[in-house]
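Residue numbers (the working numbering): 2 to 387.
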């Protein structure tokens with residue numbers, strides 16, 4: 002059921018929803034999925050940031066914002082049924098407007114997730130120049146990418162799922178990209194404890210498109226320390242090595258015999274500090290893996306487990322690549338939710354996407370969307386505990 006409340010009622014509402022979810026967490030009858038909508042005092046372009054709290058009746062709860070389609074809270078039960086917030090973030094919508102901005106906590110990334118070398122690409126004989134907001138390169142859509150704009154948000158719910166649909170038109174020339182891009186992204190929380198993210202876009206002019214979700218996960222809890230003991234499996238025989246500025250060289254290199262071999266579950270901290278040139282380039286893991294895809298539909302990309310809590314995250318996607326970032330640039334300068342300081346490697350990102358710098362690498366899968374075509378992508382974040 003869709004509920005409309007004022008910001009003043011948010012605290013009482015959150016407590017009420019926690020009480021509703023309690024029977025499910027304690028093994029009682031499952032309750033109906035809900036979506037709750039509220040407005041904050043924070044404003045962007047004269048409009049308030051809206052917040053949506055989704056529950057699924059099985060102990061999961063998620064809060065997302067119309068600003069940047071940001072996932073601010075994601076509560077998931079552990080093996081004992083105790084829920085914890087497993088994504089890094091900030092206490093209020095206002096904090097996401099800080100300068101300098103936070104490092105993409107929970108954000109929707111576009112038009113182009115990851116890096117484009119030198120902030121340039123050539124398409125149909127024309128060279129386009131983008132912002133160089135990451136040293137000499139373009140990163141995550143530029144100075145004001147999809148993570149820093151308001152989206153039109155429409156909530157929906159049913160007996161077994163709750164969702165929010167985000168829509169926006171990115172105008173021709175925004176951040177240097179060609180074409181008017183009509184974008185739609187749907188977040189759905191299901192009764193299977195799955196978060197499904199579905200992306201759709203069309204354009205009136207050829208343009209690169211590479212959308213992704215940039216949540217920082219710590220399955221032990223956002224305030225539980227580093228993620229080095231997490232066990233990670235990535236179903237990939239190859240990855241894309243990078244230069245000193247983190248732009249792919251164009252090579253599809255085998256992971257075998259390298260610290261990048263996660264084909265079997267491996268502790269993230271087991272090899273992260275090895276004397277390896279690629280690890281030095283990324284100051285840890287900040288690379289794209291070439292997924293082993295058996296077909297065109299959803300397939301397992303990665304599986305992440307926290308041995309302490311028992312929480313497991315399995316990621317299934319239609320995308321060809323997965324960027325694993327081990328939180329190397331978190332340095333203790335950001336005070337997150339509850340006043341917790343986010344130290345080095347206290348969260349990790351698993352971003353399903355096409356490869357970095359694809360507009361400049363003809364041997365990479367194309368990211369060019371043409372008029373008359375549609376961009377469609379789907380990723381499922383499936384949570385469990387044992």
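Using N, Cα and C, we set each Cβ at its ideal position, and we do this for glycine too.
Among the options, the one whose alpha carbon lies nearest that of residue i
i           : options               : result
residue 142 : 174, 123, 272 and 164 : 174
residue 243 : 281, 233 and 226      : 281
residue 229 : 98, 135 and 306       : 306
residue 263 : 238, 284, 283 and 226 : 238
residue 46  : 151, 261, 114 and 34  : 151
residue 163 : 226, 348 and 64       : 64
residue 351 : 358, 367, 302 and 310 : 302
residue 84  : 343, 222 and 140      : 222
residue 295 : 95, 236, 260 and 284  : 236
residue 38  : 343, 333, 156 and 95  : 156
residue 80  : 220, 369, 297 and 240 : 220
residue 56  : 49, 33 and 259        : 33
residue 58  : 74, 78 and 48         : 78
residue 284 : 259, 327 and 257      : 327
residue 367 : 187, 208 and 137      : 208
residue 382 : 311, 218, 310 and 333 : 218
residue 365 : 334, 75, 138 and 289  : 289
residue 48  : 360, 114 and 94       : 94
residue 130 : 387, 360 and 160      : 360
residue 224 : 128, 62, 74 and 116   : 74
residue 101 : 117, 158 and 334      : 334
residue 332 : 103, 35, 309 and 308  : 103
residue 232 : 158, 309, 36 and 125  : 309
Delimiting residues of the beta strand (DSSP E) encompassing residue i
i           : result
residue 193 : Looking at the DSSP string, residue 193 is not in any beta strand (DSSP E), and its letter there is neither H nor E.
residue 322 : 322-326
residue 51  : 48-56
residue 238 : 237-241
residue 78  : 72-78
residue 84  : 84-86
residue 43  : 35-45
residue 169 : 162-171
residue 65  : 62-66
residue 154 : 153-158
residue 288 : 287-292
residue 354 : 350-354
For residue i, the residue or residues it bridges with in DSSP
i           : result
residue 211 : 113
residue 381 : 197 and 317
residue 121 : 130
residue 303 : 235 and 316
residue 89  : Answer is none; residue 89 lacks a bridge partner.
residue 108 : 215
residue 336 : 342
residue 248 : Beta-bridge pairing links residue 248 to no other residue.
residue 202 : 184 and 376
residue 369 : 209
residue 254 : 240
residue 388 : In the structure displayed, the chain extends from 2 to 387; residue 388 sits before or after that span and is not available.
Whole-Å CB distance - residue i paired with residue j, under 8 Å assumed
i           : j           : result
residue 322 : residue 354 : 6 Å
residue 325 : residue 286 : 5 Å
residue 182 : residue 112 : 6 Å
residue 313 : residue 385 : 5 Å
residue 51  : residue 184 : 18 Å between Cβ atoms; not a contact.
residue 291 : residue 343 : Going by Cβ atoms, the distance from residue 291 to residue 343 rounds to 30 Å, so no, they are not a contact pair.
residue 227 : residue 304 : The Cβ separation is near 19 Å, so there is no contact.
residue 265 : residue 234 : 7 Å
residue 370 : residue 210 : 5 Å
residue 137 : residue 246 : 6 Å
Span of the alpha helix (DSSP H), counted from its first residue to its last, around residue i
i           : result
residue 309 : Looking at the DSSP string, residue 309 is not in any alpha helix (DSSP H), and its letter there is neither H nor E.
residue 281 : 278-283
Contact test: residue i Cβ vs the ligand ZN heavy atom, cutoff 7 Å
i          : result
residue 94 : Ligands displayed in this structure: none; no statement on the ligand ZN is therefore possible.
### Query
Should the region 168-180 be called in touch with the region 137-147, which here means at least 3 C-beta pairs below 8 Å?
yes
#### Entry: Segment contact, 8 Å Cβ cut-off, at least three pairs: the region 370-378 with the region 187-207
yes
### Task
Examine the Cβ distances between the region 211-225 and the region 240-259 and report whether three or more of them are shorter than 8 Å.
no
### Query
Contact between the region 177-191 and the region 90-107: three or more CB pairs below 8 Å?
no
### Query
Between the region 79-95 and the region 337-355, are three or more C-beta pairs nearer than 8 Å?
yes
### Task
State whether the region 271-285 contacts the region 307-321, with contact taken as three or more CB pairs (one from each stretch) at a distance under 8 Å.
no
### Query
Taking one C-beta from the region 175-184 and one from the region 33-49 each time, how about it: are there three or more such pairs within less than 8 Å?
no
#### Entry: Cβ contact check for the region 115-125 and the region 56-69: 3 or more pairs under 8 Å
no
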